[in-house]
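Residue numbers (the working numbering): 70 to 533. Each residue gets a CB set at the ideal place from its N, CA and C atoms; glycine is no exception.
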């Protein structure tokens, strides 16, 4: 990979141990203009590695060694005579990541934005979240630090204070970096999906300006890091987000991005696959090719029932589970309200309030109705992309269980819901309103038969 990226010279080399991924996890911001090379922990510098260092560097150039002497022995450092060797190490992977972040900040002044990932996890879970954003970190020079899932490491907190960090990018869901840890970070912005492939897709769409080029890695095989971590630099070179697949499975979130050109008849996404067929099978690679530029699969509609259930999520069901289900259906929320707030003024919700989650044209309320610390899915609404002159968000494809969709006419509503009650428009907003069930309303653009449905509302009237 080094010779592919650097046919002539590199600015520096990053050297890490082959014995594990821990010291390499936070190296991404160094890889924008440097290859990541490996050396064993209990042997001299391999000839092939030494030759590559000599090829890409001039005398006096920097070699960054990741980890202490148990990872990269002193004899390897001595063998690099003639280069400026900088060892970035700490007592553990967290401290090594801090050393890398400090070096990056010293060189470039970075630190206003810092990415945070889990420090520990079994097998591939230990490195998958870091890899999802490694290309972005390499491209932008953003420091990446590590912390235990359930507790913010005090050394990380001190570093963020020292760097005067204004925003933290939290990689992965609460199972990777808990809500309690995120709450202690400066202006946390969580980038996450329901699984590691969906988190990679969220990073691609939320942090990168384009997904017209992508780099695809195996994010599930335990030793996939040996190719995944060096690929961060390639991702930066190509301006290509990193997406994840399994050796014999194309996750839906990855499929959706490599298939952005579906229906065009020509390939729209340039896909670079990293690894042999043992890591990414020919069948998975072929499936990605078929998706890109091929026919668009018709998505199944997400149903709203008369009792206010949306996509199978019942009202008053657990709020976190509701958010997780909607995230699985639609991807990460486009907006989450920053603070808990009471809804609809003074009513039975009182000051306990809740939060607002937005997925494009879908808005839901997650509310602690009784003020007992247990939030539930309480209701929300789904807007037409062109309702009331608002900016056009994507249509998420919701419709009722009787087949009533956005844009249906009042005449069609009357046919599908003969028992529904109708409140004519009186010049205000939302205008004409249908009551379709005990917890389901629809708003129309006017009173006439040809006027159309512009929104669905579901849930109780502010708990009253």
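### Task
Give me the Cα-Cα distance between residue 262 and residue 436, rounded to the nearest whole angstrom.
On the chain shown, position 193 is the one that residue 262 refers to. On the chain shown, position 367 is the one that residue 436 refers to. Distance between the alpha carbons of residue 262 and residue 436 is about 22 Å.
### Task
Return the CA-CA distance between residue 492 and residue 221, expressed in angstroms with no decimal places.
Numbered from 1 along the chain shown, position 423 holds the residue referred to as residue 492. Numbered from 1 along the chain shown, position 152 holds the residue referred to as residue 221. C-alpha separation (whole angstroms): 53 Å.
### Task
Express the C-alpha separation of residue 192 and residue 538 in angstroms, rounding to a whole number.
Nothing about residue 538 can be reported from this structure: the residues present for the chain run from 70 to 533 only.
### Task
Using a Cβ-Cβ cut-off of 9 Å, state whether residue 184 counts as contacting chain C.
Looking at the structure shown, chain C is missing, and only one protein chain is on hand.
### Query
Around the C-beta of residue 147, are 16 or more other C-beta atoms found within 10 angstroms, so that it is buried, or is it exposed?
The residue you call residue 147 lines up with position 78 of the chain shown. Flag for residue 147 reads exposed.
### Task
Just list the beta strand (DSSP E) runs in the segment 71-106, keeping only unbroken ones of 3 residues or longer that don't cross its boundaries, in chain order.
81-86
### Message
Once the 5 residues before and after residue 443 are set aside, which same chain residues still bring their CB inside 7 Å of it?
### Response
As a working mapping, residue 443 is identified with position 374 in the chain shown. Here the set comprises 437.
### Message
Could you tell me which whole beta strand (DSSP E) segments of length 3 or greater appear in the segment 272-314?
### Response
282-287 and 311-314
#### Entry: Of the residues 268, 170 and 292, the one placed nearest residue 234, counting alpha carbons only
Counting from one through the chain shown, the residue named residue 234 turns up at place 165. Among 268, 170 and 292, the Cα nearest to that of residue 234 is on 170.
### Message
Quick check on DSSP: helix, strand or coil for residue 520?
### Response
Translated into positions along the chain shown, residue 520 becomes position 451. Reduced to three states, the DSSP call for residue 520 is coil.
### Task
In angstroms with no decimal places, state the Cα-to-Cα distance between residue 85 and residue 238.
What you label residue 85 is simply residue 16 of the chain shown in a count that begins at 1. What you label residue 238 is simply residue 169 of the chain shown in a count that begins at 1. Straight-line Cα distance between these residues: approximately 25 Å.
### Query
Of the residues 508, 482, 224 and 216, which one's Cα is nearest the Cα of residue 250?
Taking the chain shown and counting its residues from 1, one reaches residue 250 at position 181. Looking at the Cα atoms, 216 is the closest of the given residues.
### Query
Buried or exposed: which applies to residue 510, given that a residue is buried once 16 or more other Cβ atoms fall within 10 Å of its Cβ?
Indexing the chain shown from 1 puts residue 510 at position 441. Answer is buried; the Cβ neighbour count reaches 16.
### Message
Between 95, 71 and 278, which has its C-alpha nearest residue 210's C-alpha?
### Response
In the chain shown, the residue the question calls residue 210 occupies position 141. For the residues 95, 71 and 278, the minimum Cα distance to residue 210 belongs to 95.
### Task
Report, in whole angstroms, the separation of the C-beta atoms of residue 396 and residue 326, which I expect to be a contact under 8 Å.
In the chain shown, counting from the first residue as 1, residue 396 sits at position 327. In the chain shown, counting from the first residue as 1, residue 326 sits at position 257. In fact, because the Cβ distance is near 16 Å, the residues do not count as touching under 8 Å.
### Cβ distance (whole Å) where residue 219 is taken to contact residue 286 below 8 Å
Taking the first residue of the chain shown as position 1, residue 219 is located at position 150. Taking the first residue of the chain shown as position 1, residue 286 is located at position 217. Residue 219 to residue 286, Cβ: 28 Å. No contact.
### Query
Using a Cβ-Cβ cut-off of 8 Å (strictly less than) and excluding sequence neighbours within five positions of residue 471, which residues of its own chain qualify?
On the chain shown, position 402 is the one that residue 471 refers to. Excluding residues within five positions, the ones whose Cβ falls inside 8 Å are 485 and 486.
### Query
Do residue 452 and residue 524 have their C-beta atoms closer together than 9 Å?
The residue labelled residue 452 in the question sits at position 383 within the chain shown. The residue labelled residue 524 in the question sits at position 455 within the chain shown. Against a cut-off of 9 Å, the Cβ pair of residue 524 and residue 452 comes out as a contact.
### Query
To the nearest angstrom, how far is it from the Cα of residue 228 to the Cα of residue 109?
Here residue 228 refers to the residue found at position 159 of the chain shown. Here residue 109 refers to the residue found at position 40 of the chain shown. So the two alpha carbons sit approximately 30 Å from each other.
### Query
Do three or more CB pairs link the segment 291-311 to the segment 264-275 at distances below 8 Å?
yes
### Message
Distance check for residue 136 and residue 231, CA to CA, integer angstroms please.
### Response
Counted from its first residue, the chain shown places residue 231 at position 162. Counted from its first residue, the chain shown places residue 136 at position 67. Cα-Cα distance, rounded: 22 Å.
### Task
Pull up the distance between the alpha-carbon of residue 98 and that of residue 371, whole angstroms please.
The residue labelled residue 98 in the question sits at position 29 within the chain shown. The residue labelled residue 371 in the question sits at position 302 within the chain shown. Each residue's Cα considered, the two are about 40 Å apart.
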